[in-house]
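**Q** Please see the structure below; I have some questions.
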Amino acid sequence: MMLSLGGVVQAQNTKSLVRSWQTGDGLPSNTVRLITQTTDGFMWLGTEAGLARFDGLNFISFGPREGFPAVAVSALTAMSDGALWVGYWRYGLLRLKDNKVTTFTTAEGLPGNTIRSLSEGPDGTLWVGTNKGLIRWTGEGFAVIPDPPGLSDTQAILARHNGEVWVNFNKRTLRIWNGAEWNEPRIAPPVGIARRTNLAEDSQGKVWALSHAGSVLSFDENGWTEFPLHQPPSKANGRPIAISPDGEVYIGHLGSGLWKLKGSAFEPVSVDDGNGEALVEGLYFDGLGQLWIGSFSSGLLSLSPRRLESIRIDSQNNADPVRALFEAKPGEMWIGTQGLGVWHRSHGVNKRLSPDAGFPLGSSCEAIVRSHDGSIIVAGTEIYQYNDEKLTAVLDLPDRKELIFTMAVGADSVFVGTGSGRILKLQQGKVSLLAEPQGSGSVLSMTVGADQTLWAGTWGKGVRRIRGNEDQFLSIADGLRSNIVNAVYLDAEDTLWVGTRSGGLARWHDGRFQSIGKEEGLLDDTINQIIEDGEGRLWLGGLRGISVVQKSELEEVFAGRADSVHPRGFGKADGMDSTECLEMQPIRDSAGRLCFGTTRGYVRINPRSEVISRPSRVLIENVAVDGRSQFLGFDSSTPPALKLQPGVAQISIRYTAPEFVSPEQLRFRYRLTGSDDDWHDLGDQRTVNFHRLPPGTYHFEVAAVSPGGVSVTSAPLSFTLPPYYWQTGWFLACCILAGLLIIIAAVWTVMHQRAVRKKALLEQQRAVDAERVRISNDLHDDLGASLTEIALYSDLAKSDLDTPEEASEHLEHIFVTARNSTRALDQIIWATNPRNDSLDKFAAFLSKQVQDLARAAGMSCHLDMPNPIPPIVLSAAVRHHLFLGTREAVHNAAKHSGGQTLTLRLAFEGKSFRFVVQDDGQGCSDKPLEMDADGLENMNRRMSEIGGEFSISSIPGEGTKVRFRVPMREAVNSPAEEV
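See below:
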């Protein structure tokens, strides 16, 4: 009665996940022939365009530009000692180990330069098949194995665990080298071995090969067994063989894709990634059991089991949003949907409850629980009760109908949360009101604690807590980052976890919420579903898929001991049909799987399975200094120390880690010892730049942090930034010493200059004092004597008033003396005025005085002056002594020469100038010169005081010539003085 509309077999999506990479993703060529994995976890690919390394996200190509001999790789194997061996057509063999590249050709002992196949023996010996025979790498060189009669061109080799080396030669002839000689197999294959096939050995010691007829052959102690291909392709072109760690055997056909052994025949396996089935060239199982496929034209593909199951409810609808899940008994699931009614799933068959079962077809069901009496409670706008899958009761809500969003089971009742915000209580078949909305929005989620505290997540008012008579709302003020609460969950320790919209995850702790979001590492800030797995992890459903995070990591962040968590996320790449998880409470089924509702059915995942992979190594792959690559790492061994040039502006370090489950979720952090010892988070960034590091020695380490918080650290990269010579200690010491010397010299110079200035000031003061004395003497000698004379004649005139003639004579004498005194005072004032300190002004003044004296003496005056006269500065002392000396010479000429013409001449001689006073009088002999010795002595003394020279020459009957020479140095350097 309850189940109708027929059963819809909705097969869960359990087929393997196919991922692919092509040239648009960085692959050097879409033709991938060889695949292997080195001990540090990286995948290596032999492509048509060269060798490539793959870390799960990025490809790095190695070809002639990187110093490799060729591009077409013919053989490839990874050794247990970490070395990678690469064979080329006609270009020999290449080894990558410890970040070094070594090339081997016939010059190093190869019998031929075309490498057909490579295989590692159980003792770590490398066997090499060439176009000219088999050889063995001894560790120091190659040992050539003698060819069997008539055979030399190897096609495929296999070093078996029993020490034998099986070789398929180009004539489809199989031979076995036992360490001493060649033998044929004790039992011949039933059909010929395909020439270009490879040979493989499983864990049981069976040898596998492809026949040229297309079937698969295996060999053990019982002989050969032939396995046909189910519905074999029209053209047999088998290439690679791969055996999984579980013993599953896969083969690849260039014309018909991938095949897997099932029972006694090989069945085709779909690897269609949307580009059509791959034409298989290479196969390889990695350490995680993923199958890697190299194709002829579709690039690189991987085949891995789905880590979760996506289960659709109604395949006829594009969307079948699941809002409620409940497992009534093992294998039987009740499913509530949004707008599609209630479904029942049993043994992979989905059936929807018909209207006869009581629940409307187009209605929404967002909560299903089991009541205390064992019945199943289904919530819509009413409460539907089922026993033994039969509707037994329909319970109306008090007052009005409204949509029920959530239900929670308490100790003796079922709590019901409605769209209006009411909280109801279902007990013994009756529904009653427990709490009014109090202005709150819808009740979206509920849970009941061990102490029967009811926690309810609301739309807009945070978390509602009802405990006894207490009814309280906890919101942003109490530590939440959002008041829209989509999920509340109590874990095994009765700790409350809260999922919010746009506010991340919160924990109730010590009376307050502690919150964490995307900025602390969560995949999303909207959390719609929360459940724990019993392994110390929380599983969160949000708008971007499902994530799992260690509770211990959350505790570290909440305690302030860590900055971020490292969840593992699941999305479409893991098999989810939809990554949007709806607001609901996920469940754990009887098989231990966690089930989450999405917009397209529900997903389930086994939390006990290993769903989190961890990188095995971290590789520093490139160091670029100011844009130039200085180091390229091939493997994860310790990189060489780098010594750089001074003045480096930027160091860029690129690093990576191999991760093939969720590589985009790896997080990195680094430490640069020598700069600081702290670790710095880099997020998913795989390059770090350092700008203008000071000189010194540095050690760089980078750690990859996988989902779950497991960290793997790289080998340290050491580099030294030498200083310029001016940045060295000895240069600094020299600079300090030089600075001290400069300071000492500067101090000495300042002190010396102060002393010089002080001395100059003293000398200037002395000169000023001397000038003052001179002026006072002049005033005393000239004006004082004149004033005394005036006073004397004034007394005489006063006493001779009775005698007018004598009084008039005395007054005339007083007038003449006063006039002469006035002139002398003018001369003194002029000489002391600093505005008259230039030679041209002095020459003009002197010329006027000479003209006046000559006129008074009745002589004509001739002036011989250059035009223009240079603006040479003359001190007051120079002006004074030069003027008085010249005036005395003019007076002597006027008094004693008897001549008619007086000449004053100014001339320049080198660094000096001279004034010449010349008359055309009677001249004099030596005797008259001696008679006037006092005047000559005065003129000579005056010139000596100013550093000049005085000379006189006289010829009887031809006149007298007096010369006053003054050095211009003295004239120029003498500053103007103020008296």
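Take 1 as the starting number for the sequence shown in full-length UniProt numbering and just add one per residue.
Note that the Cβ used here is the ideal one computed from N, Cα and C, for glycine as well.
1) Can you give me the C-alpha to C-alpha distance between Gly-41 and Ile-335, rounded to a whole angstrom?
2) Would you check if the distance between the CB atom of Asn-30 and the CB atom of Thr-36 is smaller than 8 Å?
3) Can you find the residues in the same chain that come closer than 6 Å, C-beta to C-beta, to Ala-641, ignoring five residues on each side of it along the sequence?
4) Determine the burial state of Thr-803: buried for a count of at least 16 other Cβ atoms within 10 Å of its Cβ, exposed for fewer.
5) Thinking just about the alpha-carbon of each residue, which of Arg-90, Ser-475, Ala-49, Pro-148 is nearest to the one in Arg-33?
6) At what residue ranges does the region 62-129 contain a whole run of the beta strand (DSSP E), taking only runs of 3 or more?
7) When burial is assigned at 16 or more other CB atoms within 10 Å of the CB, is Tyr-725 buried or exposed?
8) What do you get for Gln-155, buried or exposed, if any count of 16 or more other CB atoms within 10 angstroms of its CB means buried?
9) Could you have a look at Gln-665 and say whether DSSP puts it in helix, strand or coil?
10) Check for me: the beta strand (DSSP E) holding Thr-36 runs from which residue to which?
11) Please work out which residues of its chain come closer than 7 Å, Cβ to Cβ, to Glu-327, disregarding the five sequence neighbours upstream and downstream, and give them in chain order.
12) Find the nearest neighbour of Asp-55 within the set Val-73, Leu-27, Thr-447, Ala-70, judged by alpha-carbon distance.
13) Quick check on Asp-574: buried or exposed, where buried means 16 or more other Cβ atoms within 10 Å of its Cβ?
14) So, is the C-beta of Val-191 closer than 8 Å to a C-beta in chain C?
15) In the DSSP assignment, the alpha helix (DSSP H) including Phe-359 goes from what residue to what residue?
16) Using 8 Å as the threshold, is the C-beta distance between Leu-936 and Thr-886 below it?
17) Hey, how far is the Cα of Ser-16 from the Cα of Gly-468?
18) Report the CB separation of Ile-157 from Trp-208 in whole angstroms; it is logged as a contact under 8 Å.
19) Based on Cα-Cα distance, which residue from Asp-626, Asp-524, Val-549 lies nearest to Cys-581?
20) Do you know offhand how far Val-966's Cα is from Ala-738's?
21) Measuring straight from C-alpha to C-alpha, what distance separates Glu-970 and Asp-800?
22) Run through DSSP, which three-state label would Cys-595 get?
23) Return helix, strand or coil for Pro-268, following the three-state DSSP convention.
24) Quick one: which unbroken beta strand (DSSP E) runs of 3-plus residues sit fully inside the region 285-348? Chain order, please.
25) Pick out whichever of Lys-329, Ser-364, Gly-341 has its Cα sitting closest to the Cα of His-347.
26) DSSP three-state label for Gly-50, please.
27) For the pair the region 410-424 and the region 367-378, tell me if three or more CB-CB distances fall below 8 Å.
28) Enumerate in chain order the residues of its own chain whose CB-to-CB distance from Trp-343 is below 6 Å, with the five nearest sequence positions on each side excluded.
29) Taking DSSP as the reference, what is the three-state secondary structure of Met-576?
30) Please report the straight-line C-alpha distance between Pro-722 and Pro-646, rounded to a whole angstrom.
31) Mind checking which residues open and close the alpha helix (DSSP H) that includes Arg-879?
32) Report back the beta-carbon spacing between Gly-421 and Thr-458 to the nearest angstrom; my notes put them in contact at under 8 Å.
33) For Arg-941, does the three-state DSSP call read helix, strand or coil?
34) Is it buried or exposed, Phe-219, if we count other Cβ atoms within 10 angstroms and call 16 or more buried?
35) For Ala-78 and Gly-124, what's the separation of their Cα atoms in angstroms?
36) To test your reading of the DSSP string, which unbroken beta strand (DSSP E) runs of 3 or more residues are found completely within the region 721-754?
**A** According to the structure shown:
1) Distance between the alpha carbons of Gly-41 and Ile-335 is about 43 Å.
2) no
3) Ser-718
4) Under this definition Thr-803 is an exposed residue.
5) Ala-49
6) Taken in chain order, the unbroken stretches of beta strand (DSSP E) that lie wholly in the region 62-129 and span 3 residues or more are 73-78, 84-88, 93-97, 100-104, 115-120.
7) Residue burial annotation: Tyr-725 is exposed, with fewer than 16 other C-beta atoms found within 10 angstroms of its C-beta.
8) buried
9) Residue state, collapsed to three classes: helix.
10) 32-37
11) Cβ neighbours of Glu-327 beyond the five flanking positions: Met-333, Ile-587, Asp-589, Ser-590.
12) Leu-27
13) Asp-574 should be labelled buried.
14) In the structure shown, chain C cannot be found, because there is only a single protein chain.
15) No alpha helix (DSSP H) contains Phe-359, which DSSP labels as neither H nor E.
16) no
17) 52 Å
18) Contact doesn't hold; Cβ gap of about 14 Å is too wide.
19) Asp-524
20) 46 Å
21) Low local confidence applies: a pLDDT of 44 at Glu-970 is under 50, so the model's placement there is unreliable, with the coordinate-based value given in what follows. When rounded, the distance between both Cα atoms is 54 Å.
22) strand
23) strand
24) 291-295, 300-304, 309-311, 320-329, 332-337, 342-346
25) Lys-329
26) strand
27) yes
28) Ile-313, Ile-335, Asn-350, Arg-352
29) In the structure shown, Met-576 sits in coil (DSSP, three-state: anything other than H, G, I, E or B).
30) 5 Å
31) 876-892
32) 7 Å
33) helix
34) buried
35) 11 Å
36) none
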